[in-house]
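Read the structure below first, then the notes.
Numbering (the numbering used here), first residue to last: 3 to 157.
Structural data, given as structure tokens:
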């Protein structure tokens, strides 16, 4: 099975999307591909449109069996910061793009992702980090890789 994991990280008000394809058809999870992007448009609507189009194109080209977008855990105190609002908008845009190209698309918190596996959230992230760095990626790909690993066990 080939699973795509996507995660959005915010730096100030700029969203950076990281994505990976993990394949376990050999019996062992292997990080096949990865990519990252950040919005380059001048206004938010353009950045959202461009990000959604790029993600949709990648999914259509790479043809994963399932796509998982890792969203933030539920916070006890909701944040009203602009970066939080932008992250939510980006996650919505990539969810729309992903679900139009892959019928098995999920938007899941890290805690929910861990519930798909025998691991807890911390151990799942550690496994994601090990697979990402073992494939020569930076640890910035940890969350996307952990999402893809969990997707291999998705319901």
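Cβ coordinates follow ideal geometry from the N, Cα and C atoms, glycine included. All values reported here derive from a predicted model rather than from experimental measurement.
If you compare alpha carbons, which of the options is closest to residue i?
i: residue 105; options: 37, 112, 97; result: 97
i: residue 128; options: 118, 114, 143; result: 143
i: residue 102; options: 66, 4, 49, 154; result: 66
i: residue 146; options: 157, 60, 17, 131; result: 131
i: residue 61; options: 154, 83, 23; result: 23
i: residue 58; options: 29, 30, 44, 107; result: 107
i: residue 116; options: 36, 52, 149; result: 149
i: residue 138; options: 90, 123, 37, 47; result: 37
i: residue 136; options: 21, 34, 28, 7; result: 34
i: residue 118; options: 95, 109, 155, 91; result: 155
i: residue 7; options: 40, 48, 56, 69; result: 69
i: residue 134; options: 151, 74, 124; result: 151
i: residue 114; options: 74, 94, 17; result: 74
Could you give the residue range of the alpha helix (DSSP H) that holds residue i?
i: residue 147; result: 144–153
i: residue 101; result: 84–103
Thinking residue i and residue j are a contact (beta carbons under 8 Å), I'd like their distance in whole angstroms, please.
i: residue 88; j: residue 26; result: Not quite, the Cβ-Cβ distance comes to about 33 Å (not below 8 Å), so this is no contact.
i: residue 112; j: residue 72; result: 6 Å
i: residue 153; j: residue 31; result: That belief does not hold up - the Cβ atoms of residue 153 and residue 31 are roughly 10 Å apart, past 8 Å.
i: residue 3; j: residue 85; result: 34 Å between Cβ atoms; not a contact.
i: residue 50; j: residue 92; result: 7 Å
Could you spell out the range, first to last residue, of the beta strand (DSSP E) harbouring residue i?
i: residue 68; result: 68–72
i: residue 59; result: Taken as a continuous stretch (DSSP letters only), residue 59 belongs to no beta strand (DSSP E), being part of the alpha helix (DSSP H) at 46–64.
i: residue 107; result: 107–110
i: residue 40; result: 32–40
So for residue i, helix, strand or coil by DSSP?
i: residue 5; result: strand
i: residue 121; result: coil
i: residue 13; result: strand
i: residue 134; result: helix
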